[in-house]
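Chemist: Residues in the sequence shown are numbered from 4 upward in steps of one, following the working numbering.
Beta carbons: idealized from backbone N, C-alpha and C, even for Gly.
First the structure, which I've put down as structure tokens, then a few questions once you've had a look.
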Amino acid sequence: MRTPLADYRVFWREFRHTFHSTGAVLPSGRRLARALASRIAAMDPPQKILEVGPGTGAVTRQIISRMGPNDQLDLVELNPRFAEVLRNHLDTEPSWKPVAGRVRVWEMPVEQIDASEKYDVIVSGLPLNNFAVAMVQEILSQFHSLAAVDASLSFFEYIAVRKAKSLLCRRSERRRLSGIERLLFREFQQWEMSRQCIVSNVPPAWVHHLQLPGKSRVESPEPRARSTASSHFSGSRPSTLDSKKT
Ligand SMILES: C[S@@+](CC[C@H](N)C(=O)[O-])C[C@H]1O[C@@H](n2cnc3c(N)ncnc32)[C@H](O)[C@@H]1O
4 MRTPLADYRV FWREFRHTFH STGAVLPSGR RLARALASRI AAMDPPQKIL EVGPGTGAVT
64 RQIISRMGPN DQLDLVELNP RFAEVLRNHL DTEPSWKPVA GRVRVWEMPV EQIDASEKYD
124 VIVSGLPLNN FAVAMVQEIL SQFHSLAAVD ASLSFFEYIA VRKAKSLLCR RSERRRLSGI
184 ERLLFREFQQ WEMSRQCIVS NVPPAWVHHL QLPGKSRVES PEPRARSTAS SHFSGSRPST
244 LDSKKT
């Protein structure tokens, strides 16, 4: 079993090597993780849950603790080192092992998931403020495509991060940040249900909870990648732990 310290080490290493996609120095704190997972409640019929950008699993742990006996969880993580950590947790951690048969680890960018699968709850840890405006637009529309009817989408951003960055950066960067601000503002205006301020996180963060209109579910036995992921994502095919017995 890995220690939290081992997870912190991996996170710190990935922050230095893949800052753009990792976007944080440390995994989310417990309060932030709890707030992100708070839309998961044991329901009948069972829920399909998607976590995007689980990293070393700080939020995943909270999701797992809230899963009902028939809920399913897909973890979509583009960084192979983080995906490896997640598989290891599922194999070895006492609180993760019981649900391992209902959890899949997909090692790929969320943009490449085939949207035929629909989710009732989507939780995202993506550092949207690091991405190009077009990519944020693509990711937001992918969330809409993956949402079942009335699905919830929860994600966070550090408080005032765009304003703080805008004070220090070049004009092109300011333009990028205000483009992201506009996209998110539109989403919030249309779909935001509530937001929570997590002051105890380092740094403090807003958690946004949206309710998306979504689309009806068409059951498919195995979600597929839309296409083969580009070459820098090794092991790009969905890595399924479905067959694992608990
Ligand atoms: C800020 S970290 C959040 C990690 C974790 N959820 C937490 O709160 O501690 C962002 C995570 O998103 C992943 N990521 C970034 N872009 C992604 C994408 N397009 N598709 C899937 N995962 C992505 C990164 O590899 C990283 O694990």
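In its own chain, which residues sit with a C-beta less than 6 Å from the C-beta of residue 10, not counting the 5 before and 5 after it?
Modeler: Here the question's residue 10 lines up with position 7 in the sequence shown. Result list for residue 10: 59, in chain order.
Chemist: Return yes when at least one heavy atom of ligand 1 lies under 7 Å from the C-beta of residue 85, else no.
Modeler: The residue labelled residue 85 in the question sits at position 82 within the sequence shown. Because some heavy atom of ligand 1 lies under 7 Å away, the Cβ of residue 85 counts as near it: yes.
Chemist: Any heavy atom of ligand 1 closer than 7 Å to the beta-carbon of residue 156?
Modeler: Position 153 of the sequence shown, counted from the start, is the residue given in the question as residue 156. No, since every heavy atom of ligand 1 falls outside the 7 Å radius drawn around the Cβ of residue 156.
Chemist: Measuring only from the beta carbon, is residue 61 closer than 7 Å to any heavy atom that is part of ligand 1?
Modeler: Numbered from its first residue, the sequence shown carries residue 61 at position 58. Yes, Cβ of residue 61 sits closer than 7 Å to a heavy atom of ligand 1.
Chemist: At a cut-off of 7 Å, is residue 110 close to ligand 1 when judged by its beta-carbon and the heavy atoms of the ligand?
Modeler: Numbered from its first residue, the sequence shown carries residue 110 at position 107. For residue 110, the distance from the CB to the nearest heavy atom of ligand 1 is not below 7 Å.
Chemist: Buried or exposed: residue 85, going by 16 or more other Cβ atoms within 10 Å of its Cβ?
Modeler: For this step, residue 85 is matched to residue 82 along the sequence shown. That one is buried.
Chemist: Bridge partners for residue 209 per DSSP, in chain order?
Modeler: For the purposes of this step, residue 209 is identified with residue 206 of the sequence shown, where counting begins at 1. Its beta-bridge partners are 160, 200.
Chemist: Under 8 Å Cβ to Cβ from residue 13, same chain only, skipping five residues before and after it: list those, please.
Modeler: Within the sequence shown, residue 13 is the residue found at index 10, counting from 1. Contacts found: 59, 84, 85, 88.
Chemist: Can you check the stretch 8–57 for any alpha helix (DSSP H) of at least 4 residues that lies completely inside it and give the ranges in chain order?
Modeler: For the stretch 8–57, whole alpha helix (DSSP H) runs of length 4 or above, ordered along the chain, are 22–25, 33–40.
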